[in-house]
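Participant: Going left to right, the sequence shown walks through residues 10 to 241 as our numbering numbers them.
All C-beta atoms in this analysis are idealised placements derived from N, C-alpha and C, irrespective of residue type, glycine included.
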Amino acid sequence: MCTLPSIDLGTVGPEPAIARLRALYDDLLEAAGDRLIIGLGGEHSISSAPAGAWADRLGGNLTILQFDAHTDLRDRHHDSPWNHACVMRRVLEQRPDGGNRGDAADIVAVGIRALTREERDVIREQRIEVVFAHEMRGPGWIERAAEALGENVYITFDVDFFDPSLMPATGTPEPGGGSWWDALDLLSRVFSERNVVGADIVELAPRRGEEASAFTAAKLAYKMIGFWSEDR
Numbered sequence: 010m011c012t013l014p015s016i017d018l019g020t021v022g023p024e025p026a027i028a029r030l031r032a033l034y035d036d037l038l039e040a041a042g043d044r045l046i047i048g049l050g051g052e053h054s055i056s057s058a059p060a061g062a063w064a065d066r067l068g069g070n071l072t073i074l075q076f077d078a079h080t081d082l083r084d085r086h087h088d089s090p091w092n093h094a095c096v097m098r099r100v101l102e103q104r105p106d107g108g109n110r111g112d113a114a115d116i117v118a119v120g121i122r123a124l125t126r127e128e129r130d131v132i133r134e135q136r137i138e139v140v141f142a143h144e145m146r147g148p149g150w151i152e153r154a155a156e157a158l159g160e161n162v163y164i165t166f167d168v169d170f171f172d173p174s175l176m177p178a179t180g181t182p183e184p185g186g187g188s189w190w191d192a193l194d195l196l197s198r199v200f201s202e203r204n205v206v207g208a209d210i211v212e213l214a215p216r217r218g219e220e221a222s223a224f225t226a227a228k229l230a231y232k233m234i235g236f237w238s239e240d241r
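#1: Give the range of the alpha helix (DSSP H) segment to which G41 is assigned.
#2: Helix, strand or coil for S201? Go by DSSP, reduced to three states.
#3: Are G48 and D209 close, meaning C-beta to C-beta below 9 angstroms?
#4: Is it buried or exposed for Y231, if we count other Cβ within 10 angstroms and need 16 for buried?
#5: Since I321 sits in a beta bridge, which residues does DSSP pair it with?
#6: Taking 9 angstroms as the CB-CB cut-off, is P25 touching chain B?
#7: Between which two residues does the beta strand (DSSP E) harbouring L229 extend?
#8: Can you pull the DSSP bridge partners for F166?
#9: Quick check on the DSSP output: what are the complete beta strand (DSSP E) runs of length 3 or more inside the stretch 91-124, in order along the chain?
#10: With a threshold of 7 angstroms on Cβ separation, who are the neighbours of V205 within its own chain once the five nearest residues in sequence on each side are excluded?
#11: Considering Cα atoms alone, identify which of L229, H93, E102 and E152 is closest to V119.
#12: Under 9 angstroms, do I27 and I46 count as touching if we go by C-beta distance?
#13: Smallest Cα separation from D194: which of D36, A154 and E219?
#14: Quick check on DSSP: helix, strand or coil for S57?
#15: Can E128 and L82 be called in contact, C-beta distance under 9 angstroms?
#16: So the alpha helix (DSSP H) I151 belongs to, where does it begin and stop?
#17: For my contact list, H86 and D167 are in at a C-beta cut-off of 8 angstroms; report their separation, rounded to the angstrom.
#18: Could you spell out the range, first to last residue, of the alpha helix (DSSP H) harbouring E127?
#19: Kindly indicate which three-state DSSP category E138 falls into: helix, strand or coil?
#20: If you draw a straight line from the alpha carbon of I234 to that of A192, how long is it in whole angstroms?
#21: What residues match up with S89 in a beta bridge as DSSP calls it?
#22: For H143, collect the residues of the same chain with a Cβ closer than 8 angstroms to its Cβ; drop the 5 residues on either side in sequence, then sort them by chain order.
#23: Could you give the first and the last residue of the continuous beta strand (DSSP E) run that contains L175?
#24: Rounded to the nearest angstrom, how far is the Cβ of A113 from that of T80, given a contact under 8 angstroms?
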């Protein structure tokens with residue numbers, strides 16, 4: 010197990026930066042073999058690079074499992090298509106046609122509690138399964154999320170999935186989020202039943218004097234590693 014140095018994407022703008030990240034991630038996949046790569050980022054927009062790389066590798070036979078407070082399906086936000094609020098829209102656009110996904114969703118989004126009318130329309134038009142946060146207060150939501158996944162899964166975990174009482178150090182906190190145990194219960198099931206090809210943890214915004222959020226994000230990465238390696 011190792012932690013690679015952080016990547017300097019420069020100041021050339023978001024689209025060239027994502028293109029550079031994609032090229033670097035492709036190289037890393039070649040070197041990593043059968044190892045699990047977990048990306049650690051700030052801005053959620055970085056997730057389009059690894060998610061796109063895996064969709065290309067698998068010919069579209071991939072479901073994105075998104076832990077998040079927001080659907081991130083806007084076409085543009087603050088005059089940019091590369092804003093963090095647009096990342097899942099970009100992921101959808103770069104998926105190859107075809108792929109033996111059967112009835113599986115392209116995206117399974119869990120913990121959602123804020124979306125626009127535009128995003129609602131995209132959900133209705135695309136193969137997207139949404140588990141809203143208020144639905145997680147009752148039974149059956151883990152089964153619904155798990156059953157919507159295809160064989161191969163890439164996990165993107167925006168830490169604002171968590172309720173702000175657990176994860177205050179994030180840029181766009183929303184009240185009413187998921188718990189630590191909600192996340193682990195679903196992750197445990199997904200890692201045991203599906204082929205998790207990669208993951209990222211994003212949107213941590215560390216705050217001086219408040220260390221619990223950073224420790225929670227780090228612990229989440231360790232839990233993913235543990236679930237992935239359990240049967241190996």
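Facilitator: Put simply:
#1: The sequence shown places Ala at residue 41, not Gly. From DSSP, the alpha helix (DSSP H) with A41 extends over P23 to A41.
#2: Under the three-state reduction of DSSP output, S201 falls in the helix class.
#3: Yes, the Cβ-Cβ distance between G48 and D209 is below 9 angstroms.
#4: Exposed, by the Cβ-count rule.
#5: Beyond the ends of the chain as shown, which are 10 and 241, falls residue 321; an answer cannot be given.
#6: The structure shown contains no chain B; it holds only a single protein chain.
#7: Here L229 belongs to no beta strand (DSSP E); instead the alpha helix (DSSP H) covers A221 to S238.
#8: F76 and I210.
#9: For the stretch 91-124, whole beta strand (DSSP E) runs of length 3 or above, ordered along the chain, are 116-121.
#10: Within the same chain, V205 has close Cβ partners V162, I164, V199 and W237.
#11: Of the listed residues, the one whose Cα sits closest to V119 is E152.
#12: Contact flag unset, no.
#13: Looking at the Cα atoms, A154 is the closest of the given residues.
#14: Helix at S57.
#15: Judged by beta-carbon spacing, L82 lies within the 9 angstroms limit of E128, meaning their Cβ atoms are closer than that value.
#16: Annotation for I151: the continuous alpha helix (DSSP H) segment containing it runs W150 to E156.
#17: Contact flag wrong, Cβ pair sits at about 15 angstroms.
#18: According to the DSSP assignment, E127 belongs to the alpha helix (DSSP H) that extends over R126 to E134.
#19: Of the three classes helix, strand and coil, the one that applies to E138 here is strand, per DSSP.
#20: Computed Cα separation, rounded: 14 angstroms.
#21: The beta-bridge partner set that DSSP reports for S89 consists of H86.
#22: Excluding residues within five positions, the ones whose Cβ falls inside 8 angstroms are R122 and G185.
#23: Note, L175: premise wrong, no beta strand (DSSP E); not H, not E.
#24: The C-beta distance from A113 to T80 rounds to 18 angstroms, too long to meet the 8 angstroms contact threshold.
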